[in-house]
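Novice: In our numbering, the protein residues as written are 2 to 311.
Glycine residues also receive a C-beta, built at the ideal position from the N, C-alpha and C atoms.
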Ligand SMILES: Cc1ncc(COP(=O)(O)O)c(C=O)c1O
């Protein structure tokens, strides 16, 4: 008899999850048990916002900035949280402590939730808050971090900012995922998306920087205002490196001396090539200086918050 399930799904008990812990619907559970109801609009409509802060050697990095952005995103989507800011901060500390992790990827999520009557009016939904801490994860593997990412600029444009506000951190990633498959098909490792006018925006989980004539450029529009992007700009100021936040053209990127991406999941990572064309340096001197200072700041009490009760 022909197998009607050529790609059999493993039994639920055999599906692996990373270690860590989640807080959902009022209690802490292992990651394997952290589930949302199928009627949650976060799942059905991507109607959710989230933030990710990292913990490095038992210290949150720039926690205040992540809390500011998350609370602003929740307000912009007209959702509400079961905690005030202090309550949220305390819960994140508790989640990290319970996870037992020293280096962690800590995500907080607010979904629209579900409506008890399956009403189609988002005002009837009961918002849901979830937090979890899992081991620190990277946007690039060790080899890619050492030599830089092979980047492709996709033909699929980024969802217009007028339709989905990119400053509200969101899960509208079908454009990014389509772009990733295009990048893999074209021999790349990761992807950058342009806006409808042809200016560069960002990629799946990171912001973009190009260094031209010794000056650092990053897009001013159509992007999430990444905390690592802000950190890179702060570090440029500290190091006396000129920086410009303005529309970024393909010409500037392909003519750059060096380029890099920024993300909570890995910091400052060099780009080795664009559409198969190698950049002159990867990692370049400025990328290296910024990245070294970025990691040094992880021990600076002004930029970090020790995990409480440790
Ligand atoms: C679309 C997008 N852009 C940029 C970033 C980088 O933001 P941050 O530096 O705050 O991690 C992310 C992070 O996940 C992202 O999802």
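Check this for me: beta carbons of residue 18 and residue 32, under 8 Å apart or not?
Specialist: Taking the first residue of the chain shown as position 1, residue 18 is located at position 17. Taking the first residue of the chain shown as position 1, residue 32 is located at position 31. The Cβ-Cβ distance between residue 18 and residue 32 falls below 8 Å.
Novice: Report the option in 56, 211, 107 and 63 whose CA atom is closest to the CA atom of residue 251.
Specialist: Position 250 of the chain shown, counted from the first residue, corresponds to residue 251. The candidate whose alpha carbon is nearest that of residue 251 is 211.
Novice: CB-CB under 7 Å to residue 197, same chain, minus the five flanking residues each way: which ones, in chain order?
Specialist: Translated into the one-based positions of the chain shown, residue 197 becomes position 196. Excluding residues within five positions, the ones whose Cβ falls inside 7 Å are 158 and 161.
Novice: Helix or strand or just coil, what does DSSP make of residue 242?
Specialist: The count along the chain shown starts at 1 and reaches residue 242 at position 241. The answer is coil: DSSP assigns residue 242 none of H, G, I, E or B.
Novice: Starting from residue 94, trace the beta strand (DSSP E) in both directions and tell me its first and last residue.
Specialist: What you label residue 94 is simply residue 93 of the chain shown in a count that begins at 1. Residue range 86 to 100 is occupied by the alpha helix (DSSP H) that includes residue 94, with no beta strand (DSSP E) assigned at that position.
Novice: Note down the Cα distance separating residue 120 from residue 108, rounded to an integer number of angstroms.
Specialist: Counting from 1 along the chain shown, the entry for residue 120 is found at position 119. Counting from 1 along the chain shown, the entry for residue 108 is found at position 107. Distance from the CA atom of residue 120 to the CA atom of residue 108, rounded to whole angstroms, is 29 Å.
Novice: Considering only heavy atoms of ligand 1, list every residue whose Cβ is less than 5 Å from one of them, following chain order.
Specialist: 203, 206, 208, 225, 227, 228, 229, 264 and 265
Novice: Between the region 178 to 195 and the region 229 to 245, do at least 3 Cβ pairs fall closer than 8 Å?
Specialist: no
Novice: What does the Cβ neighbour count give for residue 15, buried or exposed, with the cut at 16 atoms within 10 Å?
Specialist: Start at 1 with the first residue of the chain shown, and residue 15 comes out as number 14. Result: exposed.
Novice: Could you pull the start and end residues of the beta strand (DSSP E) that residue 1 belongs to?
Specialist: The question about residue 1 has no answer here: the residues shown for the chain are numbered 2 through 311.
Novice: Please classify residue 279 as buried or exposed, where buried requires at least 16 neighbouring CB atoms within 10 angstroms.
Specialist: Counting from 1 along the chain shown, the entry for residue 279 is found at position 278. Answer is exposed; the Cβ neighbour count stays below 16.
Novice: Buried or exposed: residue 220, going by 16 or more other Cβ atoms within 10 Å of its Cβ?
Specialist: In the chain shown, counting from the first residue as 1, residue 220 sits at position 219. By the neighbour-count rule (16 or more Cβ atoms within 10 Å), residue 220 is buried.
Novice: Should residue 3 go down as buried or exposed, given a rule of 16 or more other Cβ atoms within 10 Å for buried?
Specialist: The sequence position of residue 3 within the chain shown is 2, counting from 1. Because the pLDDT of residue 3 is 46, which lies under 50, any placement of that residue in the model is unreliable, and the number read from its coordinates should be weighed accordingly. Exposed: under 16 other Cβ atoms inside 10 Å.
Novice: Are three or more beta carbon pairs between the region 288 to 298 and the region 164 to 178 nearer than 8 Å?
Specialist: Verdict: no, contact absent.
Novice: Going by other Cβ atoms of all chains shown within 10 Å of its Cβ, with 16 needed for buried, is residue 41 buried or exposed?
Specialist: The sequence position of residue 41 within the chain shown is 40, counting from 1. Under this definition residue 41 is a buried residue.
Novice: Assign residue 88 to one of two classes, buried (16 or more other C-beta atoms within 10 Å of its C-beta) or exposed (fewer than that).
Specialist: In the chain shown, residue 88 corresponds to position 87, counting from 1. Result: exposed.
Novice: Which term fits residue 284, buried or exposed, when burial requires 16 or more other beta carbons within 10 angstroms of its beta carbon?
Specialist: As a working mapping, residue 284 is identified with position 283 in the chain shown. The residue in question, residue 284, is buried, as its Cβ has 16 or more Cβ neighbours within 10 Å.
Novice: Do residue 306 and residue 46 have their CB atoms nearer than 8 Å?
Specialist: Along the chain shown, read from residue 1 onward, the residue named residue 306 stands at position 305. Along the chain shown, read from residue 1 onward, the residue named residue 46 stands at position 45. For residue 306 and residue 46, no; Cβs fall outside 8 Å.
Novice: Grouping DSSP H, G and I as helix and E and B as strand, with all else coil, what is residue 75?
Specialist: If you number the chain shown from 1, residue 75 lands on position 74. In this structure, residue 75 counts as helix in the three-state DSSP scheme.
Novice: Express the C-alpha separation of residue 23 and residue 36 in angstroms, rounding to a whole number.
Specialist: As a working mapping, residue 36 is identified with position 35 in the chain shown. As a working mapping, residue 23 is identified with position 22 in the chain shown. Going by the C-alpha atoms only, they are around 9 Å apart.
Novice: Starting from residue 28, follow its DSSP beta bridges and name the residues at the other end.
Specialist: Locating residue 28 in the chain shown gives position 27, where the first residue counts as 1. Under the DSSP definition of a beta bridge, residue 28 partners with 25.
Novice: Excluding the 5 residues flanking residue 131 on each side, which residues of the same chain have their C-beta closer than 6 Å to its C-beta?
Specialist: Reading the chain shown from its first residue, position 130 is the one you call residue 131. Spatial neighbours of residue 131 in its own chain (CB-CB distance under 6 Å, excluding positions within 5 residues in sequence) are listed in chain order as 25 and 110.
Novice: Please classify residue 5: does DSSP put it in a helix, a strand, or coil?
Specialist: One-based indexing of the chain shown puts residue 5 at position 4. Because the pLDDT at residue 5 is just 48, under 50, the model does not fix this residue reliably, and the point stays unresolved.
Novice: Residue 300 to residue 124, Cα distance in whole Å?
Specialist: Reading the chain shown from its first residue, position 299 is the one you call residue 300. Reading the chain shown from its first residue, position 123 is the one you call residue 124. Cα to Cα, the separation comes out at about 44 Å.
Novice: Identify, in the order they occur along the chain, each residue of the same chain with its Cβ nearer than 8 Å to the Cβ of residue 114, setting aside the five sequence neighbours on each side.
Specialist: Against the chain shown, residue 114 aligns to sequence position 113. The residues are 41, 42, 43, 126, 127, 128 and 129.
Novice: Ignore the nearest five residues each way along the sequence and tell me which others in residue 286's own chain have a CB closer than 8 Å to its CB.
Specialist: Residue numbering aside, residue 286 sits at position 285 when the chain shown is read from its first letter. If we look at residue 286 and ignore the five residues flanking it on each side, its Cβ neighbours are 259.
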